[in-house]
Amino acid sequence: MYRNLSEYEVIMPYQQPLVPFIVHVADPVDLPIRKRGEAGLCRISETRLVSSGPRGLHISAVGSDGEDLAIAIAAAGEGWTDGQTVRLRTGGLVATVRLDPWHLAFHDADGRLLTSQNLDETDISERLRILPFGRSYAEGRIVAYHETFTALPDEHFYGLGEKFTEFDKRGQRCIAWNYDAFSSESERSLKNVPFYLSTRGYGVLVGSGMATEFDFCHSTHAAVQITVPDDLLDYYVLAGPRPADVLRRYHALTGAPVVPPRWAFGTWISTGYAARDDRSDGAIYHQERVVELARAIREHAVPCDVLHIDTQWQRYDHWCDLRWDVERFPDPRGMLKELAGLGFRVSLWLNPYISHLSPVFGEAEAAGVLMRRRDGSTFVADSWHGAQPACGIVDFTTPAGVAWFQDQLRPLLQDGVAVFKTDFGEGVPVDAHTVDGRPGEDVHNVYSLLFNDAVADVTEQVHGHRVVWARSSFTGGQRHAGQWSGDTNATFTAMASTMRGGLSYALSGMPFWSHDVG
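Sequential numbering of the sequence shown, starting at 0, is according to numbering that gives the first Met the number 0.
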């Protein structure tokens with residue numbers, strides 16, 4: 000039975016901006032701007048070493064707001080102290096902690112300074128230009144923690160995921176928040192990784208899924224500032240000296256890359272996306288047309304290892320319910336068998352949103368696997384920006400949601416589908432809630448990782464590989480053996496932007512990535 004949209008309040012996961020052609024999907028919550036003279040900055044005023052051992056240091060601190068703070072420097076290594084300074088050596092890194100006044104610096108094994116906290120960068124009138132190590136309040140509550148490092152004049156920074164802006168991030172202010180980017184020509188990114196590499200031979204990974212902001216010498220050329228709107232500040236400093244050494248340590252923390260099977264390195268050809276429900280005889284979205292395309296590819300000796308069937312293998316207004324449109328594809332098993340006989344692996348498109356018009360929406364709702372509103376009712380969102388009916392969002396933060404989604408995919412894999420294109424995944428609104436009550440803001444970035452985990456895991460169970468043709472990702476996404484740059488314009492400007500995105504992503508730990516060619 001079809002659901003009526005009137006049964007639900009449709010929540011638009013974006014705000015209508017002043018400039019009509021800029022659309023931000025599921026915007027992060029903006030941090031407040033302090034008024035002149037408004038208090039709210041808490042920095043470290045005094046510290047005391049509580050304990051030290053083979054696993055690191057525990058330090059008790061008092062902030063300038065009078066509140067107690069706990070600082071932990073976790074590392075397996077050896078350390079020593081003279082009462083005022085503590086040094087901790089682990090691998091190729093030495094952390095030097097000065098207790099009074101507080102300061103933290105990192106050196107390599109030879110004693111060369113890698114980076115150090117910048118606690119008091121001011122302008123000529125002695126006004127603070129940075130957010131030093133500490134936290135900030137607004138309206139009586141903690142809104143963010145922050146850290147600032149000194150940036151040397153010849154230091155440059157790379158990474159942060161698939162960022163389409165200039166390859167060198169020095170001079171940029173970037174936010175680690177997954178967007179439906181709608182192109183590759185802006186700072187908005189589908190695959191954010193809160194990790195960067197420095198030319199001084201170290202890297203920094205922030206352990207947060209929130210909308211972390213990185214200011215690389217943008218507000219002041221003297222500093223790199225990191226602002227994290229989370230309940231704590233958690234980051235890792237990884238020593239080189241080579242970029243490959245830093246990435247090796249990054250992979251040890253977040254997971255090693257998975258090498259795709261040989262066929263995945265070949266040419267993938269797609270039926271393409273159709274923005275309307277074209278059921279004419281000439282439309283590609285028919286079983287006969289797909290088979291004709293496959294035969295033509297072979298007849299003309301066009302290299303192709305993977306044939307991808309995009310959105311309309313499902314009913315047009317039911318995306319994405321993971322059910323064949325039997326009017327267009329009356330015998331999908333037979334088609335898959337014939338395509339395999341022609342030497343193709345078949346890819347199918349999917350995303351994690353289910354149209355409220357599909358009967359599968361009701362099944363997912365009854366199973367309790369869709370994200371919710373604060374009052375516990377099903378969250379229904381305009382995930383397609385008006386192009387498709389409003390959708391429910393599968394909740395991959397619970398084992399039940401993962402198992403339910405995998406149960407929908409397993410029969411398709413068993414019938415002969417080789418791989419899935421895991422589209423979307425960047426659109427969890429901040430006011431949605433998981434089944435267990437966590438706000439969408441907390442899971443927005445990590446959602447794409449969990450989505451791809453679910454699909455890669457079930458694909459591996461059936462076929463023994465972890466390839467997903469993923470559009471969005473986050474920290475650790477290298478454990479999914481293949482991603483692409485998302486939709487972009489066929490222009491030289493977009494080509495250059497796409498290449499910058501791929502290079503930045505490579506220096507964020509992802510070795511297997513590609514892009515559209517037309």
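For glycine and all other residues, C-beta sits at the position ideal for the given N, C-alpha and C.
With 16 other Cβ atoms within 10 Å as the buried cut-off, status of residue i
| i | result |
| --- | --- |
| Val379 | buried |
| Trp79 | exposed |
| Thr84 | exposed |
| Ser376 | exposed |
| Thr253 | buried |
| Ser472 | buried |
| His220 | exposed |
| Asp99 | exposed |
| Ser183 | buried |
| Lys34 | exposed |
| Ala251 | exposed |
| Ser507 | buried |
| Asp67 | exposed |
| Gly500 | buried |
| Pro302 | exposed |
| Gly475 | buried |
| Val516 | exposed |
| Leu196 | buried |
| Lys336 | exposed |
| Pro428 | buried |
| Thr121 | exposed |
| Arg140 | exposed |
| Ile123 | exposed |
| Asp230 | exposed |
| Glu440 | buried |
Beta-carbon proximity of residue i to residue j, cut-off 9 Å
| i | j | result |
| --- | --- | --- |
| Leu237 | Glu146 | no |
| Val192 | Tyr234 | no |
| Ile174 | Pro31 | no |
| Ile308 | Val359 | no |
| Ala73 | Arg86 | no |
| Thr310 | Ala363 | no |
| Val223 | Asp214 | yes |
| His462 | Leu412 | yes |
| Gln477 | Pro256 | yes |
| Asp430 | Arg372 | yes |
| Tyr136 | Ala38 | yes |
| Val245 | Tyr201 | yes |
| Val401 | Asp435 | no |
| Asp414 | Ser357 | no |
| Asp109 | Gly239 | no |
| Ile418 | Val368 | Checking the sequence shown, residue 418 turns out to be Val, not Ile. Result no, Cβ atoms of Val418 and Val368 do not sit closer than 9 Å. |
Option in the options with minimal Cα separation from residue i
| i | options | result |
| --- | --- | --- |
| Gly342 | Gln405, Asp244 and Trp262 | Trp262 |
| Met494 | His479, Gly476 and Ser513 | Ser513 |
| Gly391 | Gln405, Pro410, Thr433 and Asp406 | Thr433 |
| Trp348 | Gln387, Trp318 and Asp64 | Trp318 |
| Leu130 | Ile225, Gly62 and Ser63 | Ile225 |
| Arg409 | Trp323, Val454, Gly52 and Leu369 | Val454 |
| Gly76 | Ser63, Arg371, Gly55 and Ala60 | Gly55 |
| Ala71 | Pro302, Gly52 and Val466 | Gly52 |
| Arg484 | Arg140, Leu48, Asn444 and Ser503 | The sequence given here has Ser at residue 484, not Arg. If we check each option's Cα against that of Ser484, Ser503 comes out closest. |
| Met498 | Phe163, Arg140, Val427 and Leu127 | Phe163 |
| Ala300 | Gly239, Tyr284 and Thr266 | Thr266 |
| Val227 | Phe166, Lys190, Gly200 and Val142 | Val142 |
| Pro242 | Tyr284, Phe511, Phe132 and His155 | His155 |
| Leu113 | Gly170, Arg199 and Gly133 | Arg199 |
| Gly340 | Asp381, Ile43, Asp304 and Arg97 | Asp304 |
| Arg314 | His355, Pro260 and Arg169 | His355 |
| Ser188 | Pro510, Gly415 and Phe423 | Phe423 |
| Asp153 | Lys168, Gly160 and Glu161 | Lys168 |
| His217 | Arg248, Phe194, Gln171 and Pro260 | Gln171 |
| Thr46 | Asp29, Leu127 and Phe132 | Phe132 |
| Gly82 | Leu127, Asp64 and Ile58 | Ile58 |
Distance cut-off 8 Å: residue i Cβ against heavy atoms of the ligand ZN
| i | result |
| --- | --- |
| Leu118 | The ligand ZN is not among the ligands present in this structure, which contains no ligands whatsoever. |
Please confirm if the region 172 to 182 is in contact with the region 448 to 464, defined as three or more CB-CB distances below 8 Å between the two stretches.
no
What are the start and end residues of each continuous beta strand (DSSP E) run of 3 or more residues lying completely inside the region 379 to 405, in chain order?
390 to 392
For the 8 Å Cβ check, are there 3 or more pairs between the region 134 to 148 and the region 110 to 121?
yes
Please determine if the region 441 to 454 and the region 394 to 404 are in contact, where contact requires at least 3 C-beta pairs separated by less than 8 Å.
yes
So within the region 265 to 294, which uninterrupted alpha helix (DSSP H) runs reach at least 4 residues, ignoring any that extend past its ends?
none
Contact between the region 487 to 495 and the region 205 to 217: three or more CB pairs below 8 Å?
no
Threshold first: 3 residues or longer. Then list the beta strand (DSSP E) segments lying entirely within the region 220 to 260, N to C.
222 to 227 and 234 to 238
Please list the segments of the beta strand (DSSP E) lying wholly inside the region 305 to 335, counting only runs of 3 or more residues, in order along the chain.
305 to 308
Touching by the beta-carbon criterion (3+ pairs, under 8 Å), the region 316 to 328 and the region 294 to 301
no
With a floor of 4 residues, list each alpha helix (DSSP H) that falls wholly inside the region 469 to 497, ordered by position along the chain.
none
Which ranges would you report for the beta strand (DSSP E) in the region 99 to 177 if only whole runs of at least 3 residues count?
101 to 107, 112 to 115, 133 to 137, 140 to 149, 156 to 160 and 172 to 175
Which runs of the alpha helix (DSSP H) fall wholly inside the region 43 to 80 and span at least 4 residues, in chain order?
none
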